[in-house]
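Protein chains: 2
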Amino acid sequence: MAETEIGFISGTGPQGRGLAMRFALAGVRVAVGSRQAERAQATVDELNGLAAAQVGQGNLQPIVAGENHAVVSGSRFVMLTVPFEHAADTVRGYKDSFREGSVFVDVTVPLQFGKGDVQVVVPSQGSGSRQLRGILPESVPFTGAFKTLPAHVLEDIASPMDCDTFVFGDNREAKQQLMELIRRVPSLRPLDVGGISAAATVEGMTALVIRINRKQKSQAARFRVAGIP
Amino acid sequence: MAETEIGFISGTGPQGRGLAMRFALAGVRVAVGSRQAERAQATVDELNGLAAAQVGQGNLQPIVAGENHAVVSGSRFVMLTVPFEHAADTVRGYKDSFREGSVFVDVTVPLQFGKGDVQVVVPSQGSGSRQLRGILPESVPFTGAFKTLPAHVLEDIASPMDCDTFVFGDNREAKQQLMELIRRVPSLRPLDVGGISAAATVEGMTALVIRINRKQKSQAARFRVAGIP
Numbered sequence: 011m012a013e014t015e016i017g018f019i020s021g022t023g024p025q026g027r028g029l030a031m032r033f034a035l036a037g038v039r040v041a042v043g044s045r046q047a048e049r050a051q052a053t054v055d056e057l058n059g060l061a062a063a064q065v066g067q068g069n070l071q072p073i074v075a076g077e078n079h080a081v082v083s084g085s086r087f088v089m090l091t092v093p094f095e096h097a098a099d100t101v102r103g104y105k106d107s108f109r110e111g112s113v114f115v116d117v118t119v120p121l122q123f124g125k126g127d128v129q130v131v132v133p134s135q136g137s138g139s140r141q142l143r144g145i146l147p148e149s150v151p152f153t154g155a156f157k158t159l160p161a162h163v164l165e166d167i168a169s170p171m172d173c174d175t176f177v178f179g180d181n182r183e184a185k186q187q188l189m190e191l192i193r194r195v196p197s198l199r200p201l202d203v204g205g206i207s208a209a210a211t212v213e214g215m216t217a218l219v220i221r222i223n224r225k226q227k228s229q230a231a232r233f234r235v236a237g238i239p
Numbered sequence: 011m012a013e014t015e016i017g018f019i020s021g022t023g024p025q026g027r028g029l030a031m032r033f034a035l036a037g038v039r040v041a042v043g044s045r046q047a048e049r050a051q052a053t054v055d056e057l058n059g060l061a062a063a064q065v066g067q068g069n070l071q072p073i074v075a076g077e078n079h080a081v082v083s084g085s086r087f088v089m090l091t092v093p094f095e096h097a098a099d100t101v102r103g104y105k106d107s108f109r110e111g112s113v114f115v116d117v118t119v120p121l122q123f124g125k126g127d128v129q130v131v132v133p134s135q136g137s138g139s140r141q142l143r144g145i146l147p148e149s150v151p152f153t154g155a156f157k158t159l160p161a162h163v164l165e166d167i168a169s170p171m172d173c174d175t176f177v178f179g180d181n182r183e184a185k186q187q188l189m190e191l192i193r194r195v196p197s198l199r200p201l202d203v204g205g206i207s208a209a210a211t212v213e214g215m216t217a218l219v220i221r222i223n224r225k226q227k228s229q230a231a232r233f234r235v236a237g238i239p
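Chain order of the listed sequences is S and B.
Counted the way this note's numbering counts, the first sequence spans residues 11 to 239.
Counted the way this note's numbering counts, the second sequence spans residues 11 to 239.
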């Protein structure tokens, strides 16, 4: 598989699909992985069709498909968008496939949906990201982003994102590179909120914004920060 | 002292000053308290002058001053805007002065400022609000609001707030009444984020937004939620 800028481990769910299309439409080379390469290919065929319908075939950087290990070893930024209950096992399964210089991007949030409400289930490490950081080799820089973005909006590629995303990570260089990458997506502004200690708050904000959605009968609530240049 | 809709315990700091003026300009009867009535009066004279310069004397609902106990017992919504290190002692000092039917509004955040960064110092109860809830009599409904609003913006009454404020509380009726009150301030939208369990995230958001301010050399960063009606 040719090298890509972004690879999604098991990226066939709503968050992975939406992010893959948004980045592909921004001209970024993206791979979507799955445990079965055929399953990834079926998703990617669909996503390329949706994206091409939006901008025309000629303007699209086509998304490629692959088995997860190949996607991880072939990508500069490896993004995890699986439901949180599978996050730790997924990281364990692919942690040795990262190539030197690649950056891990955690998009997962430990949410629990129940009787009309949603809560963050805080792992003993203090946040979902801290738990995953403990599993990933120290040599792989760990960042977090996109946690508060609604999949509904990400997948609706005809509409602008028109919001901010909160980016954190203890490795400054990796974080800056990720922020540069995010700036390529129109109307999605990355905001640096510090190191991994910010993860607990960002994950809590995901629960808050889903709660706001439910109260307001929306699926599109998302954060913007006013008052900065 | 005549009854007021809002009373600020030791409200002579930036957050209290800003909120007092914003509500007074919205036609709400506000009292600002201090341990010394004369100190409250000096602040209130200044605030009324600033507010009158904004809208003209005739259109202003003048703010009144009082000693803290009188302000607490005479107000429908009692708001706490002191620095967090004084919050617990302040609540202890005035908790028996609440009249029946009044509502406590926690505006404090347990922040710690240090070498170029700001952190939330999470009390053992899980959040600043939970700690204060444990001190206040159960009979007084406990709500939280305004925690993420920058004092710099609140005090700059010539500029619209143009942002949202996250409101929480376990007593639905008290929370709804508080939200109705907040809706009187132009371009400040209250968003219901659930019960007191939301306090930890909201307090964390205050640290995030201050961190964003520092990185972006602003004093005006504040949250808006896009994508809701």
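From the three backbone atoms N, C-alpha and C, an ideal C-beta is built for every residue, glycine too.
None of the values given here were measured: they were computed from a predicted structure.
Chain order gives the chain B residues near I222(S) as L201, V203, V235, I238, where near means a beta carbon separation below 7 Å. For M171(S), the CB contacts under 6 Å within the same chain, skipping 5 residues up- and downstream, are S197, L198 in chain order. The beta-carbon separation of C173(S) and R221(S), rounded to 17 Å, does not stay under the 8 Å limit for a contact. A distance of 8 Å or more separates the beta carbons of M31(S) and I145(S). When 7 Å is used as the limit between beta carbons, G214(S) is near these residues of chain B: A210, T211, G214, in chain order. Distance check between P24(S) and each of R182(S), G237(S), I192(S), L164(S) places L164(S) closest, using alpha-carbon atoms only. For the pair L29(B) and D127(S), the Cα-to-Cα distance works out to about 31 Å.
Unbroken beta strand (DSSP E) runs of no fewer than 3 residues, entirely contained in the segment 160-205 of chain S, are found at 173-179, 198-202, following chain order.
Proximity of chain B to F176(S) at the Cβ level (cut-off 8 Å) is accounted for by L218, in chain order.
Any Cβ of chain S closer than 8 Å to the Cβ of D116(B) would place that residue at the interface, and such an atom is absent. From the beta-carbon of D166(B), no residue of chain S is found nearer than 9 Å; the closest lies around 11 Å away.
Residue nearest to P239(S) within the set V212(B), I238(B), L90(B), Q226(B) is Q226(B) (criterion: CA-CA distance). Assigned with DSSP and collapsed to three states, Q141(B) falls in helix.
Against chain B, the beta carbon of Q135(S) has no neighbour under 7 Å; the closest one sits roughly 15 Å away.
Q122(S) is outside the set of residues whose beta carbon lies under 8 Å from a beta carbon in chain B. Cβ-Cβ separation between G17(B) and A41(B): approximately 4 Å, consistent with a contact (criterion under 8 Å). Q187(B) and G124(S) have their C-alpha atoms roughly 27 Å apart. In terms of beta-carbon proximity, A155(B) stays away from the interface with chain S, with every pair separated by 8 Å or more.
Considering only A184(S), Q46(S), F94(S), Q122(S), the residue with the shortest C-alpha distance to L142(S) is F94(S). Annotated three-state conformation of I16(B) is strand, per DSSP.
At a Cβ-Cβ threshold of 8 Å, F108(B) and V82(B) count as neighbours.
Put simply, the CB of Q71(S) is far from chain B, with every gap to its CB atoms at 8 Å or more. Remark: C-beta atoms of L35(S) and Q67(S) do not approach each other more closely than 8 Å. Per the coordinates, the alpha-carbon of R45(S) lies some 26 Å from the alpha-carbon of L70(S). Secondary structure at L90(B): strand, using DSSP grouped into helix, strand and coil.
Beta-bridge analysis with DSSP links Q122(B) to Q129(B).
The DSSP assignment places no complete beta strand (DSSP E) segment of no fewer than 3 residues inside the segment 43-70 of chain S. Any Cβ of chain S closer than 8 Å to the Cβ of R232(B) would place that residue at the interface, and such an atom is present. Here V113(B) is bridged, per DSSP, to F87(B).
Excluding its 5 nearest sequence neighbours in each direction, Q135(S) has C-beta neighbours in its own chain below 7 Å: Q141, G144, listed in chain order. Beta-bridge pairing by DSSP links T100(B) to no other residue.
Here DSSP, grouped into helix, strand and coil, assigns G76(B) to strand. If you look at G214(B), you'll find it isn't in any beta strand (DSSP E); it sits in the alpha helix (DSSP H) that goes 209-226.
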